[in-house]
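A.B. asks: Before I ask anything, let me first share the structure, which is written out below as structure tokens.
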Amino acid sequence: MPQPAFDVLRALAIGSQALGLIAIITLETLLGDAARPWQGLALGLMLATALAIALVRVYRRNRLRKQHAERLGDNDHG
């Protein structure tokens, strides 16, 4: 299966990580040491987003494999 020219999940992953990094740096700049809990929250959200995107990617890949196998099975019996 060829890779698409633009992968929405990859763009979403990169964008979410970039926003998280910007949020962490901005919190440090604005709040100093008081930013630590909020930075931890931002990191947790970044990790949760990455996990969700990975699960969606696995789900899509498995669905495509199943569809491909079904098409091959239909061709064998047709």
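Quick note, in our numbering, the sequence shown goes up one by one and the last residue is 60. Quick reminder that beta carbons are idealized off the backbone N, C-alpha and C, glycines included.
Measure the Cβ-Cβ separation of Trp20 and Leu33 and say whether it is below 8 angstroms.
C.D. replies: What you label residue 20 is simply residue 38 of the sequence shown in a count that begins at 1. What you label residue 33 is simply residue 51 of the sequence shown in a count that begins at 1. No.
A.B. asks: What number of angstroms, rounded off, separates the C-alpha of Gln(-1) from the C-alpha of Arg45?
C.D. replies: Here residue -1 refers to the residue found at position 17 when the sequence shown is read from its first residue. Here residue 45 refers to the residue found at position 63 when the sequence shown is read from its first residue. Their Cα atoms are separated by approximately 26 angstroms.
A.B. asks: With a cut-off of 8 angstroms, does the C-beta of Arg45 fall near any C-beta of chain B?
C.D. replies: Absence of chain B from the displayed structure is noted, only one protein chain being present.
A.B. asks: Check this for me: beta carbons of Ile35 and Ala24, under 8 angstroms apart or not?
C.D. replies: Counting from 1 along the sequence shown, the entry for residue 35 is found at position 53. Counting from 1 along the sequence shown, the entry for residue 24 is found at position 42. For Ile35 and Ala24, no; Cβs fall outside 8 angstroms.
A.B. asks: Indicate the three-state DSSP secondary structure (helix, strand or coil) for Ala(-13) in the structure shown.
C.D. replies: For this step, residue -13 is matched to residue 5 along the sequence shown. The answer is coil: DSSP assigns Ala(-13) none of H, G, I, E or B.
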